[in-house]
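Residue numbers (our numbering): 997 to 1305. Glycine included, every Cβ here is placed at the ideal spot set by N, Cα and C. Quick caveat, the model's predicted, so the values are computed rather than measured. Structure first, then comments.
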């Protein structure tokens, strides 16, 4: 009898989801490379293999290594995600309206929009019937949907003026849908089900928190990426990270690990997106272009997505 040199792992597991419920399995078997696998590696493997979204925690029980032939081909074919017919074309606006006097970030002054020259005051400066309005704006760089360039965190890095336009415009995008989370931290396991699509793409994280935009509740208890999740996104080769909440970091954590990890890797961050539920999971191009303002680490953007036809 021919001796096999392939290995498989057999194990039981318990998975809890961040939006409630769970999943249990016993004597589950997977092909592995080599003759060992850690519990952490196995947890990630099963989440990705079953394409599970919104995973909160994974417990591996009764693990054992078996010398068995692999059951799968060396390279599995990735599933094709189809774009719904109703969402096959068009431009989707992903930024909320920013209004005069409406606070958009806790602790920062609200935007101030005023006329420097109104239509009424411009009468008589031009030919009869011709008027113009010239506005004057005073606002913080993090007002509304805003983009963080590396200079936002690191003084010797690119600001929004020098950061390449190719890194923030017309990017292939994918949405990670985490609506209904019961906890605020977003861990790597919550992202793994669609991680095969991350490389070279803008990853937009939909938590549903943008429904609070314009209310005081938008400023408290927002979802955020943990350091582990930010590291995972970086290591998967994403080119931009966006989120539909106040901040990609926990604003109660002064170390700001997600910003530090992503911006150190020249991965721009877009915060306070809205209407991500209007996008397909993939099959769209994302853009978030700021004014080319020298010396600014962050700047408001009009973010949008163009859905492929």
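Contact between the region 1040 to 1057 and the region 1185 to 1194 is present, with at least three C-beta pairs closer than 8 Å. Nearest to residue 1106 by C-alpha distance, out of 1150, 1126, 1135, is 1135. Out of 1131, 1126, 1122, 1098, the CA that lies nearest to the CA of residue 1114 is found in 1131. Here residue 1257 is buried, its C-beta having at least 16 other C-beta atoms within 10 Å. Between residue 1223 and residue 1049, the C-beta spacing is not below 8 Å.
Taking 8 Å as the cut-off, the Cβ atoms of residue 1203 and residue 1240 count as close. Separation of residue 1247 and residue 1007 (C-alpha to C-alpha, rounded to the nearest whole angstrom) is 39 Å. Under the DSSP assignment, residue 1033 falls outside any beta strand (DSSP E); it carries neither an H nor an E label. Between residue 1197 and residue 1154, the C-beta spacing is not below 8 Å.
The three-state reading of DSSP puts residue 1263 in coil, since its state is none of H, G, I, E or B. Taking a 10 Å sphere around the C-beta of residue 1022, we find fewer than 16 other C-beta atoms and assign the residue as exposed. Between the alpha carbons of residue 1253 and residue 1245 lies a distance of about 7 Å. Taken in chain order, the whole beta strand (DSSP E) runs of length 3 or more contained in the region 1094 to 1124 are 1108 to 1113. In the DSSP annotation of this structure, the continuous segment of the alpha helix (DSSP H) that includes residue 1229 starts and ends at 1223 to 1231.
Boundaries for residue 1217: no beta strand (DSSP E) harbours it, and the DSSP string shows neither H nor E there.
With respect to the C-alpha of residue 1002, the residue from 1061, 1012, 1266 having the closest C-alpha is 1061. Residues 1214 of the same chain have their beta carbon placed closer than 6 Å to that of residue 1208, with the five preceding and five following residues left out of the count.
Around residue 1139, the same chain offers 1094, 1100, 1101, 1104, 1107, 1296 as residues with beta carbons nearer than 8 Å, after the five sequence neighbours per side are excluded. When secondary structure is reduced to three states using DSSP, residue 1205 falls in the helix class. Taking a C-beta distance under 8 Å as the contact criterion, residue 1129 and residue 1111 qualify as a contact pair. The three-state secondary structure of residue 1043, taken from DSSP, is helix. Residue 1267 counts as buried, since at least 16 other C-beta atoms from the protein chains shown sit within 10 angstroms of its C-beta. CA-CA distance, residue 1265 to residue 1274, rounds to 20 Å.
Rounded to whole angstroms, the Cβ separation of residue 1233 and residue 1195 is 4 Å, and the two are in contact under 8 Å. Comparing alpha-carbon positions, the option among 1043, 1033, 1219 lying closest to residue 1177 turns out to be 1219. Rounded to the nearest whole angstrom, the C-alpha separation of residue 1059 and residue 1020 is 14 Å.
Taking the Cα positions, residue 1294 is about 12 Å away from residue 1151.
The residues 1218, 1220, 1267, in chain order, have a CB closer than 8 Å to that of residue 1243 in the same chain once the five nearest residues on each side in sequence are set aside.
Residue range 1051 to 1062 is occupied by the beta strand (DSSP E) that includes residue 1058.
One Cα belongs to residue 1298, the other to residue 1270, and the distance between them is close to 11 Å.
Residue 1289 is bridged by DSSP to nothing; it lacks a bridge partner. Residue 1300 is bridged by DSSP to 1089, 1283.
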